[in-house]
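Asks:
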Amino acid sequence: MTERKTHLADLSEALAALEKSYEAPLAINNLESAALPNRRAVIEAYSHIPPLIYLGFYAEHPVGPDNLAASLAAHAEPAYEGFVHQISRAVAYRQHVHHDACFAQNFAHEATLSLFRALPELRHMLNEDCLCTFESDLAARSVEEVVFSYPTLRAITAHRIAHILYRANVPMIPRILSEYAHSMTGIDIHPGATIGRRFFIDHGTGVVIGETTEIGDDVKIFQGVTLGALSTRRPSATDSPRTKRHPTIEDRVTIYAGATILGGDTVIGADSVIGGNVWLVSSVPPKTKVFGRAREEAPES
Amino acid sequence: MTERKTHLADLSEALAALEKSYEAPLAINNLESAALPNRRAVIEAYSHIPPLIYLGFYAEHPVGPDNLAASLAAHAEPAYEGFVHQISRAVAYRQHVHHDACFAQNFAHEATLSLFRALPELRHMLNEDCLCTFESDLAARSVEEVVFSYPTLRAITAHRIAHILYRANVPMIPRILSEYAHSMTGIDIHPGATIGRRFFIDHGTGVVIGETTEIGDDVKIFQGVTLGALSTRRPSATDSPRTKRHPTIEDRVTIYAGATILGGDTVIGADSVIGGNVWLVSSVPPKTKVFGRAREEAPES
Amino acid sequence: MTERKTHLADLSEALAALEKSYEAPLAINNLESAALPNRRAVIEAYSHIPPLIYLGFYAEHPVGPDNLAASLAAHAEPAYEGFVHQISRAVAYRQHVHHDACFAQNFAHEATLSLFRALPELRHMLNEDCLCTFESDLAARSVEEVVFSYPTLRAITAHRIAHILYRANVPMIPRILSEYAHSMTGIDIHPGATIGRRFFIDHGTGVVIGETTEIGDDVKIFQGVTLGALSTRRPSATDSPRTKRHPTIEDRVTIYAGATILGGDTVIGADSVIGGNVWLVSSVPPKTKVFGRAREEAPES
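Chains as they are written, first to last, in our numbering: chain A, 1 to 301; chain B, 302 to 602; chain C, 603 to 903.
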């Protein structure tokens, strides 16, 4: 009992010191705000987006013309409310205009609406991503298996959503979504990356695609591929942080596992094939095959 | 207020367009079905399998002869019901025989029973996997630490379960389980891969083991190892998708980090050692040591 | 109905065999104990630690001088109780002194207190980690984005906590925490590793940092870097398992993606730069630049 009391006294003391540490001028303090978005709430709002896109895969009961609208609304409402709330917090925080809740609210409604308006076209794109994955991966047994379990589809779904919010200038939220997908799949795509139609990533663990990467249509990449920057120095205040630092991959390029392609001026020409573990820091013309090792006889999968 | 009304009207319009997008002939629509398995329910059913295998690690209260059966039943019931329900949905969907619920139900009971019947032998295998991991990894302090925290044991447990369902011809569910484990561990093992006893994967992130890989007993592999296929073209309709496309690894082989071994005809002979980052697309005889780089003095861990 | 009865009888039989398998002398049985820590409960206790460190990012309501103590206490209490409970189980189990609950309890209180006492200084360190990440990564838009979404900060927060418990000789729990972070981020840091101030890991997937690694201040590493051991044979009983087996990285070293540095005697001198995919098993003096490939023109990111 005495020991128990001592422990509690020690804990009180430790907590007092912890409380005091919030008086120091730390960037991580952020107490006054508390208008910051909440990571868990963002992910909760996002969790209703895949059901809007792939409704049949999430429905617990049959869905038909009679209850389609109601089934969509059951996900659309929490998704909409959640994104509006979290985006308005993020914007209010960035603008340091907590009192102008009206501006933040309107911005959040418009950004969320732009996301919802994009969904029908997004469903066509993701349907193509899905079919292309099924055709590209011999191990896939059905399109359904791809939707249920393939990390490429989870990653590209999250990326296409995050990219819409990124282009709408929403702060913080796009990166929370992309890092959530990274955590689930091992595929790290910055929300700023521009990715064309029918994109396929096999296996995916360790893939890194940087912010200013541009990827054409019908591109396939394998696990461990990096599309990165040559230098990571933060530029002077006069430079834009969105200077093109990452490569451009043209249509119908295939990049095998572990290849590293770096630099904002690097362009991989259309219909090229980049072999496993190749290291590239300069452009190659269309239809080039680059294999880094003599003994490499064929591309890997 | 007016703005609020406008936002709601805009949202209604966006939702109407989304609803309309379900009229297009997209592979991802799948509305009539709604007999599809539910990914979350599959993972929930699976979550009761590790407690059946490693009961002492999950029990919140002491377990002894008196309450062992009851403690097992508490997990066996939801696991059994969950798998039967999800497997019967998957089978009914594949067969396009939604009306013949009886066939799907029986198939699901038999497949789930085959899983439960395999558990006692599986416990012996996983016990060996666990002991072998403890002996192979100098950083392991206890067998308990291995069961609690090692990704290799999470991945191989899920794989051995998924493989039983794969061999029982269960559609979709095995891949949902293997991609769930991939998401948790970064280790991507296709449910079709055949893996012998006392298997050990160190660290594991980025490991890829393809569908037709055959692995003998006492094999050890490290992070970033790929056992893959040379070509990923989907074969013509007359080819079987289960043609052997991935390598065979014989007993007591060790493969260090980042090595890539490709091709269905590639056989790594017993007792061989493959060095870090080595790239192999042809067979090596037993007891071979393959190191790719002159300056590589010793295997990595 | 008859079939249903048969299935139930078959299930009963399978469960009886499963129950019987607990009679075999398997290392994974562990029934009597049931004093083992519970992985889920450990992670639940840990989930209250980041809010103590980054309170503003977790608070759902504004926090100020009036309610700071209460807001901290709301997380401190479940964190403290949870860690004390789980640590005392782990210690009691290791000591095989289940009856001496008092020793285990006191040990657990002291270890948990040492963690709480370390929090104020830890907040300063993590604040530096955070600022350094923001300055190092051109893609970061704000310090808030780093705290919310960067895997490096999730991994280093969990590591610094796990390392405190590791140094306090707490069994099992530190590794549960580090593997939890590994699962979330793809970054595998053994709790024994010693890591200096202002540490930054970019992207992170596939990073492995071994138990006896020593890392100085201002070190930056990229995805896929391994700081590992040369040999993984378990030493004879007279050897200590904590012999230095992993490298030492001095201040201000940068190690680019995919580099592998191995061995307990390997020292990377201060201000060195190790290029992408380089393989190193011996020391290099301060200010060395090691690039493995002729065509490599510049470091990757």
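Where is the CB? At the ideal position from N, CA and C, for every residue including glycine.
Just verifying my parser: in three-state terms, what is the DSSP assignment at Phe592 of chain B?
Replies: Three-state result, Phe592 of chain B: coil.
Asks: With a cut-off of 7 Å, does the C-beta of Arg39 of chain A fall near any C-beta of chain C?
Replies: True, the Cβ-Cβ gap to chain C drops below 7 Å.
Asks: Helix, strand or coil for Phe802 of chain C? Go by DSSP, reduced to three states.
Replies: The answer is strand: DSSP assigns Phe802 of chain C an E or B state.
Asks: What number of angstroms, rounded off, separates the C-alpha of Pro338 of chain B from the C-alpha of Met473 of chain B?
Replies: Cα to Cα, the separation comes out at about 8 Å.
Asks: Given that Ala629 of chain C touches chain B, what residues does it touch there, using C-beta distances under 7 Å?
Replies: Correct list: Asn428, Cys431, Leu432, Val444.
Asks: Can you check whether the C-beta of Arg468 of chain B is within less than 7 Å of a C-beta belonging to chain C?
Replies: No - not a single Cβ of chain C is within 7 Å of the one on Arg468 of chain B.
Asks: What is the rounded straight-line gap between the Cα of Ala41 of chain A and the Cα of Leu670 of chain C?
Replies: Straight-line Cα distance between these residues: approximately 22 Å.
Asks: I need the DSSP call for Gly228 of chain A, collapsed to helix, strand or coil.
Replies: Gly228 of chain A: strand per DSSP, three-state reduction.
Asks: Please decide whether Gln825 of chain C counts as near chain A, where near means a Cβ-Cβ distance under 7 Å.
Replies: Output row for Gln825 of chain C: interface = yes.
Asks: For the pair the region 508-523 of chain B and the region 361-377 of chain B, tell me if three or more CB-CB distances fall below 8 Å.
Replies: As far as the Cβ criterion goes, the region 508-523 of chain B does not touch the region 361-377 of chain B, which means the pair count is below three.
Asks: Using Cβ-Cβ distances below 8 Å, what residues of the region 786-798 of chain C are close to chain B?
Replies: Result list: Gly788, Asp790, His792, Gly794.
Asks: Whose C-alpha, out of A:Leu262, A:Val91, A:Gly269, is nearest the C-alpha of Asp218 of chain A?
Replies: Of the listed residues, the one whose Cα sits closest to Asp218 of chain A is A:Gly269.
Asks: Please state whether the Cβ-Cβ distance between Ile689 of chain C and Ala720 of chain C is less than 7 Å.
Replies: The answer is no: Cβ separation not under 7 Å.
Asks: What is the C-beta distance between Glu110 of chain A and Gly82 of chain A, in whole angstroms, given that I count them as a contact (C-beta under 8 Å)?
Replies: With 8 Å as the limit, Glu110 of chain A and Gly82 of chain A do not qualify as a contact, their Cβ atoms being about 16 Å apart.
Asks: Please state whether DSSP places Lys521 of chain B in a helix, a strand or coil.
Replies: Lys521 of chain B: strand per DSSP, three-state reduction.
Asks: Checking the sheet assignment: what are the DSSP bridge partners for Val308 of chain A?
Replies: There is no way to answer for residue 308 of chain A, as the model of chain A reaches only from 1 to 301.
Asks: For Thr567 of chain B, name the three-state secondary structure that DSSP assigns.
Replies: Of the three classes helix, strand and coil, the one that applies to Thr567 of chain B here is coil, per DSSP.
Asks: For a cutoff of 7 Å on Cβ pairs, would you count Phe148 of chain A as touching chain B?
Replies: Judged by the 7 Å Cβ criterion, Phe148 of chain A is in contact with chain B.
Asks: Would you verify that the beta carbon of Ile516 of chain B is, or is not, closer than 7 Å to some beta carbon of chain A?
Replies: No - not a single Cβ of chain A is within 7 Å of the one on Ile516 of chain B.
Asks: Can you confirm whether Ala706 of chain C, when its beta carbon is compared against all beta carbons of chain B, has any partner nearer than 7 Å?
Replies: Cβ-Cβ to chain B under 7 Å: no for Ala706 of chain C.
Asks: Taking just the CA atoms, how far does Leu153 of chain A sit from Ser301 of chain A?
Replies: Model confidence at Ser301 of chain A stands at a pLDDT of 41, short of 50, so the residue's coordinates are unreliable; what they give is reported in the following sentence. Between Ser301 of chain A and Leu153 of chain A, the C-alpha separation is close to 18 Å.
Asks: Below 9 Å on C-beta distance, what does Pro452 of chain B contact in chain C?
Replies: In chain order: Glu781, His784, Ser785, Asp790.
Asks: Inspect the beta-carbon positions of Asp572 of chain B and Lys588 of chain B and report whether they are closer than 7 Å.
Replies: Contact flag set, yes.
Asks: Given a limit of 8 Å on CB to CB distance, which residues of the region 641-663 of chain C reach chain A?
Replies: Listed by position, the residues of the region 641-663 of chain C near chain A (Cβ gap below 8 Å) are Leu654, Ile655, Tyr656, Leu657, Gly658, Phe659, Tyr660, Ala661, Glu662, His663.
Asks: Could you check what DSSP says for Ile28 of chain A in three-state terms: helix, strand or coil?
Replies: Coil at Ile28 of chain A, not helix or strand.
Asks: Beta-carbon within less than 8 Å of Val699 of chain C's beta-carbon, same chain only, minus the 5 sequence neighbours each way: which residues are those?
Replies: With a pLDDT of only 48 at Val699 of chain C, under the threshold of 50, the placement of this residue in the model should not be trusted; the figure read from the coordinates follows. If we look at Val699 of chain C and ignore the five residues flanking it on each side, its Cβ neighbours are Phe705, Ala706.
Asks: Give every residue of the same chain whose Cβ lies closer than 8 Å to the Cβ of Val665 of chain C, excluding the five residues on either side of it in the sequence, and list them in chain order.
Replies: Excluding sequence neighbours, Val665 of chain C sits near Leu657, Gly658, Ser673.
Asks: Can you find a C-beta in chain B that's less than 7 Å from the C-beta of Arg800 of chain C?
Replies: So, not an interface residue.
Asks: Between which two residues does the alpha helix (DSSP H) carrying Gly877 of chain C extend?
Replies: First-last for Gly877 of chain C: undefined, no H or E at that position.
Asks: Given a limit of 9 Å on CB to CB distance, which residues of the region 801-813 of chain C reach chain B?
Replies: The region 801-813 of chain C vs chain B, Cβ under 9 Å: Thr807, Gly808, Val809, Val810, Gly812, Glu813.
Asks: To the nearest angstrom, how far is it from the Cα of Glu898 of chain C to the Cα of Gly275 of chain A?
Replies: Model confidence at Glu898 of chain C stands at a pLDDT of 35, short of 50, so the residue's coordinates are unreliable; what they give is reported in the following sentence. When rounded, the distance between both Cα atoms is 16 Å.
Asks: Flag Ile173 of chain A as yes if its beta-carbon sits less than 7 Å from any beta-carbon of chain C, otherwise no.
Replies: No, because no Cβ of chain C sits closer than 7 Å to the Cβ of Ile173 of chain A.
Asks: Taking 7 Å as the limit between beta carbons, can you name the residues of its chain near Asn632 of chain C, skipping five residues before and five after?
Replies: Closer than 7 Å at the Cβ level, and outside the excluded window around Asn632 of chain C, lie Leu638.
Asks: Contact criterion: CB-CB distance below 7 Å. Does Glu19 of chain A meet it with respect to chain C?
Replies: Chain C, which has a Cβ nearer than 7 Å to the Cβ of Glu19 of chain A, makes this yes.
Asks: Compare the C-alpha of Asn470 of chain B against each of B:Phe523, B:Leu316, B:Phe592, B:Arg395 and name the closest.
Replies: With distances taken between Cα atoms, Asn470 of chain B lies closest to B:Arg395.
Asks: Could you check what DSSP says for Glu361 of chain B in three-state terms: helix, strand or coil?
Replies: Three-state result, Glu361 of chain B: coil.
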